[in-house]
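Participant: Once you've had a glance at the structure underneath, I'll fire off some questions.
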């Protein structure tokens, strides 16, 4: 049997020939004259020769084996070290060029299968390829500068294993602002509407088949309210593009006018807010979504603006007056469910609009069995529990109060609310950004899904450049890029985010006086504080990166509130030393306590802040005013409650253990002028948002929170609409301790936050060793460590640093904030705001009679204060 020949043994003409890539092909025979070939794209690739790398265009006349090797050659071919230095110098001198391109995998196919759009950036001999989400997908180097500089439209280039074709040249501003990344355009271009008159479709008249006579009728639609009436609030009419998409039948356009019953009560900024929300949820602002974020400061009437929007959409519409919504869902913290119900009843009554507030008494099943309630009010927690039952309902609009709860897309609450098919979504929050831009992205993603792209692309395009530009060692290029990206992000978000500050409200509200009092620690607190700092636990956390520093910080904050808060742990650490790591923080403290000391003693003279509070309460009790005392910890509230009981002060308390059903009753009772309870003990975590405590004219923050937004929320409980008296807000800090350090970081953080967002990168539970050394320090020889850092020489005479001509601190001074410049340099950002406050030493406090401090001046070392709306005070006195 004859065996078939192996392929390698066949004809010499058919046998494949191996060509050594580094060897010049034989040129013994003249090269054949090529036929006229179709014009193909020019692909620039780094071509490897025996000694150096050159770049040349592929040519059909070259040897096929050499051509194949050249096209498949890696773009990361090694560059001669000597030449590498020249390249880097050239790249620094050459300007960048930007191109909009298409890309695909590098191949020899004539007909390419393009995989997507991209952005090409060239500089000198380097090329970098970004996808539409800002991710680097290819890099190449070794090109000739002249070839990259000559790159133009319709030419091709190999970059990092990918082949690109240039579509157009791009401006530098278009790249640096991030507009080139299609995920972040932020707006939808208006479609080209053919020029035609939108004429209402003639409706067929009803014909009576028995009589054979046609009945003609006229169809005339008029606005529900007179748009020409004085002070009428008329909503914008839909543009041509909106009519093209949503008015296919050519229905007549009718003016939408906010009910005068509500609009007469709206202030100018609230009228603007209602119009803004209407444009967003109706899709008039050419966005890819119908969501909006109303980020007004606390007390500017966000609730009334939303009720005006809901009532308007429920009764009216721009096309023949047909209502836009039939059912609305309002999701709010549990403590505010009843408050929303009462606000609807207050402004619209029970006849115009009926609302169903879901609670333990009003089950969701009752709402499902009736159709008389167009509004459902439910808490975030209850929504998660009854989500399956609510899925069967169709809501036309969703209002999320205190929407900063949606700052994490991964939590169950956010994901369930986002899964509802409702497109019209409104988020209400006074603090849209509390820590970082990712939280802001989560809220935007809930309102208008996909508007800012994916979380990863948003981080690459916006967050990383903005955060990098905020670093002390940021280069000029980082600063420029961060400013451009920040400006573009602001441009996009301003289309659906409306933010106004409390400055608007000053002419409507009574004066407000804010006082920061630095309280002298007691002798017992000083001895315990020093012992803690010398403990083994504190020393070890300065040498490691573990989470033990959080335990240490918590222990110091407890001690600043009152020594009794650490007595129990100190006793345990003394009985069982080294058994529990946390207890080692308190080791060595027990012998310092006085003999016979008991945890429930709560002695006033053992805590500097409690001594100051006792003097303030005594003076307030004499003039029969009311005060709200805020703390972050329930155990601290226990101490304050026991103190009020011992002194005979009537009090009410609201914390996390208070049932949501009775919270509004407690608030109503306290606000009543007939209430005998003059003290309201409030947990900032449970009741720091949404509550209306205008019955009090004074508010005291007993301890301080890392997040300034929590303290700002608590302050806004008393200075809001309905308040008739001058407001005094006290903040107590223990002099020279960790509380001053936290306060300094709060001021810095507020300075960076700007009008809408905090651009500082969140560093949750992460501190550098320098920052920890700064936190774990005690300055016993100062009246006010914060005042010392300002380099202010006012001597505490009640003047502002700015009025004395003191320049604001400069961030570049290495000695600006003490012995640890690296850790504290960022604190100067925003610290200059304190120069606009008045500075007063402790011995001058007795001159401030209206502060009702009594003999507290002996316990206070220093103070900052400022007064808002002073002109109104002078007018009222005249």
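In UniProt numbering, the protein residues as written are 1 to 878. Every residue gets a Cβ at the ideal spot worked out from N, C-alpha and C, and that includes glycine.
Hey, quick one: how far does the beta strand (DSSP E) through residue 597 stretch, first residue to last?
Facilitator: Along the chain shown, one-based indexing puts residue 597 at 597. Per DSSP, residue 597 belongs to no beta strand (DSSP E) and is neither H nor E.
Participant: Just how far apart, CA to CA, sit residue 331 and residue 411?
Facilitator: In the chain shown, the residue the question calls residue 331 occupies position 331. In the chain shown, the residue the question calls residue 411 occupies position 411. Whole-angstrom Cα-Cα distance: 16 Å.
Participant: Who are the Cβ neighbours of residue 301 in its own chain at under 6 Å, not counting the five residues just before and after it?
Facilitator: The count along the chain shown starts at 1 and reaches residue 301 at position 301. For residue 301, where only same-chain residues beyond five positions count, the Cβ hits under 6 Å are 270.
Participant: Given a threshold of 16 other Cβ atoms within 10 Å of its Cβ, counted over all protein chains shown, does residue 573 qualify as buried or as exposed?
Facilitator: Translated into the one-based positions of the chain shown, residue 573 becomes position 573. Buried: at least 16 other Cβ atoms inside 10 Å.
Participant: Here's a check: name, in chain order, each residue in its chain whose Cβ is nearer than 8 Å to the Cβ of residue 670, leaving out the five neighbours to either side.
Facilitator: Locating residue 670 in the chain shown gives position 670, where the first residue counts as 1. 626, 652, 677, 680, 693, 695 and 696, listed in sequence order.
Participant: Apply the 10 Å Cβ neighbour rule to residue 256 and answer buried if 16 or more other Cβ atoms are within range, or exposed otherwise.
Facilitator: For the purposes of this step, residue 256 is taken as the residue at position 256 of the chain shown. With 16 or more Cβ atoms within 10 Å of its Cβ, residue 256 is classed as buried.
Participant: How big is the Cα-Cα spacing for residue 432 and residue 443?
Facilitator: For the purposes of this step, residue 432 is taken as residue 432 along the chain shown, with counting starting at 1. For the purposes of this step, residue 443 is taken as residue 443 along the chain shown, with counting starting at 1. Using only the alpha carbons, I get a separation of about 8 Å.
Participant: By the three-class DSSP mapping on this structure, what secondary structure does residue 139 have?
Facilitator: Residue 139 sits at position 139 when you count from the first residue of the chain shown. DSSP places residue 139 in strand when its eight states are reduced to three.
Participant: Which full runs of the beta strand (DSSP E) of 3+ residues lie inside the UniProt domain "Helicase C-terminal" (615–773), going along the chain?
Facilitator: 627–631, 651–654, 679–683, 698–701 and 727–734
Participant: Where does residue 97 fall in DSSP's three states?
Facilitator: Locating residue 97 in the chain shown gives position 97, counting from the first residue. Strand, per DSSP.
Participant: Rounded to whole angstroms, how far is the Cβ of residue 324 from the Cβ of residue 427, which I believe are closer than 8 Å?
Facilitator: Along the chain shown, one-based indexing puts residue 324 at 324. Along the chain shown, one-based indexing puts residue 427 at 427. Not confirmed; about 19 Å, so no contact.
Participant: Return the first residue and the last residue of the beta strand (DSSP E) that residue 262 is part of.
Facilitator: Reading the chain shown from its first residue, position 262 is the one you call residue 262. Looking at the DSSP string, residue 262 is not in any beta strand (DSSP E); the run it does join, the alpha helix (DSSP H), is 260–263.
Participant: Determine the contact status of residue 783 and residue 858, defining contact as a CB-CB distance below 8 Å.
Facilitator: For this step, residue 783 is matched to residue 783 along the chain shown. For this step, residue 858 is matched to residue 858 along the chain shown. Taking 8 Å as the cut-off, the beta carbon of residue 783 is found no closer than this to the beta carbon of residue 858.
Participant: Flag this pair as yes or no: are the beta carbons of residue 311 and residue 262 separated by less than 8 Å?
Facilitator: What you label residue 311 is simply residue 311 of the chain shown in a count that begins at 1. What you label residue 262 is simply residue 262 of the chain shown in a count that begins at 1. Yes, the pair counts as a contact, with Cβ atoms nearer than the cut-off.
Participant: Just to confirm before moving on: does the CB-CB distance between residue 290 and residue 393 stay below 8 Å?
Facilitator: Residue mapping note: residue 290 aligns to position 290 of the chain shown, counting from 1. Residue mapping note: residue 393 aligns to position 393 of the chain shown, counting from 1. In this structure, residue 393 does not lie closer than 8 Å to residue 290 by Cβ.
Participant: Take the Cβ of residue 305 as the centre, count every other Cβ of all protein chains shown within 10 Å, and call the residue buried at 16 or more, exposed below.
Facilitator: Residue 305 sits at position 305 when you count from the first residue of the chain shown. So residue 305 counts as buried.
Participant: Using only the alpha-carbon positions, how far apart do residue 99 and residue 244 sit?
Facilitator: Translated into the one-based positions of the chain shown, residue 99 becomes position 99. Translated into the one-based positions of the chain shown, residue 244 becomes position 244. In a straight line, the C-alpha of residue 99 is about 35 Å away from that of residue 244.
Participant: Apart from the five residues just before and just after residue 729, which ones in its own chain have a Cβ nearer than 6 Å to its Cβ?
Facilitator: Position 729 of the chain shown holds residue 729. Answer for residue 729: 514, 699 and 715, listed in chain order.
Participant: Give the straight-line distance between the Cα atoms of residue 179 and residue 486, rounded to the nearest whole angstrom.
Facilitator: As a first step, residue 179 must be located in the chain shown, where it is residue number 179. As a first step, residue 486 must be located in the chain shown, where it is residue number 486. Their backbone Cα atoms lie some 12 Å apart in a straight line.
Participant: What is the DSSP secondary structure of residue 513, counted as helix, strand or coil?
Facilitator: For the purposes of this step, residue 513 is taken as residue 513 along the chain shown, with counting starting at 1. Three-state DSSP puts residue 513 in a strand.
Participant: Please confirm whether residue 106 and residue 150 have their CB atoms less than 8 Å apart.
Facilitator: By one-based count along the chain shown, residue 106 stands at place 106. By one-based count along the chain shown, residue 150 stands at place 150. No, the pair does not count as a contact, with Cβ atoms beyond the cut-off.
Participant: Using the C-alpha atoms, what's the distance from residue 413 back to residue 381?
Facilitator: Numbered from its first residue, the chain shown carries residue 381 at position 381. Numbered from its first residue, the chain shown carries residue 413 at position 413. Per the coordinates, the alpha-carbon of residue 381 lies some 8 Å from the alpha-carbon of residue 413.
Participant: Relative to the C-alpha of residue 390, which residue among 405, 420 and 362 is closest?
Facilitator: Position 390 of the chain shown, counted from the start, is the residue given in the question as residue 390. Checked all of 405, 420 and 362; the closest Cα to residue 390 is 420.
Participant: With a Cβ-Cβ cutoff of 8 Å, do residue 284 and residue 238 count as a contact?
Facilitator: Numbered from 1 along the chain shown, position 284 holds the residue referred to as residue 284. Numbered from 1 along the chain shown, position 238 holds the residue referred to as residue 238. In this structure, residue 238 lies closer than 8 Å to residue 284 by Cβ.
Participant: Which residues bound the alpha helix (DSSP H) around residue 527?
Facilitator: Residue 527 sits at position 527 when you count from the first residue of the chain shown. Start and end: 523–533.
Participant: Classify residue 124 as helix, strand or coil using the three-state DSSP reduction.
Facilitator: Along the chain shown, read from residue 1 onward, the residue named residue 124 stands at position 124. Residue 124: coil per DSSP, three-state reduction.
Participant: Verify whether the separation of the beta carbon atoms of residue 742 and residue 706 is less than 8 Å.
Facilitator: Taking the first residue of the chain shown as position 1, residue 742 is located at position 742. Taking the first residue of the chain shown as position 1, residue 706 is located at position 706. For residue 742 and residue 706, yes; Cβs fall inside 8 Å.
Participant: Ordered along the chain, which non-local residues of its own chain (more than five positions away) have a Cβ less than 7 Å from that of residue 719?
Facilitator: As a first step, residue 719 is located in the chain shown; it is residue number 719 there, counting from the start. Only 299, 509, 512 and 727 meet the Cβ criterion.
Participant: Nearest-angstrom Cα distance between residue 863 and residue 518?
Facilitator: Along the chain shown, read from residue 1 onward, the residue named residue 863 stands at position 863. Along the chain shown, read from residue 1 onward, the residue named residue 518 stands at position 518. Spanning the two alpha carbons is a distance of roughly 6 Å.
Participant: Give the DSSP-derived three-state secondary structure of residue 782 in the structure shown.
Facilitator: Counted from its first residue, the chain shown places residue 782 at position 782. The answer is coil: DSSP assigns residue 782 none of H, G, I, E or B.
Participant: Alpha carbon to alpha carbon, how far is residue 278 from residue 735?
Facilitator: Reading the chain shown from its first residue, position 278 is the one you call residue 278. Reading the chain shown from its first residue, position 735 is the one you call residue 735. Whole-angstrom Cα-Cα distance: 50 Å.
Participant: Within 10 angstroms of its Cβ, does residue 196 collect 16 or more other Cβ (buried), or is it exposed?
Facilitator: As a position in the chain shown, residue 196 is number 196, starting the count at 1. Confidence is the limiting factor: at residue 196 the pLDDT is only 47, short of 50, which leaves the residue's position unreliable and the question unanswerable from this model.
Participant: Among all the DSSP beta bridges, which residues are the ones paired with residue 423?
Facilitator: Numbered from 1 along the chain shown, position 423 holds the residue referred to as residue 423. Residue 423 is not bridged to any residue.
Participant: Would residue 639 and residue 564 qualify as a contact pair, given that the criterion is a beta-carbon distance under 8 Å?
Facilitator: Stepping through the chain shown from its first residue, residue 639 is reached at position 639. Stepping through the chain shown from its first residue, residue 564 is reached at position 564. Cβ distance < 8 Å, so residue 639 and residue 564 count as in contact.
Participant: According to DSSP, is residue 222 part of a helix, a strand, or is it coil?
Facilitator: For the purposes of this step, residue 222 is taken as the residue at position 222 of the chain shown. Here residue 222 sits in coil by DSSP.
Participant: For residue 491, which residues of its own chain have a beta-carbon under 6 Å away from its beta-carbon, when the five flanking residues on both sides are left out?
Facilitator: Working through the chain shown from its first residue, we reach residue 491 at position 491. In its chain, beyond the 5 residues on either side, no residue has a beta carbon closer than 6 Å to the beta carbon of residue 491.
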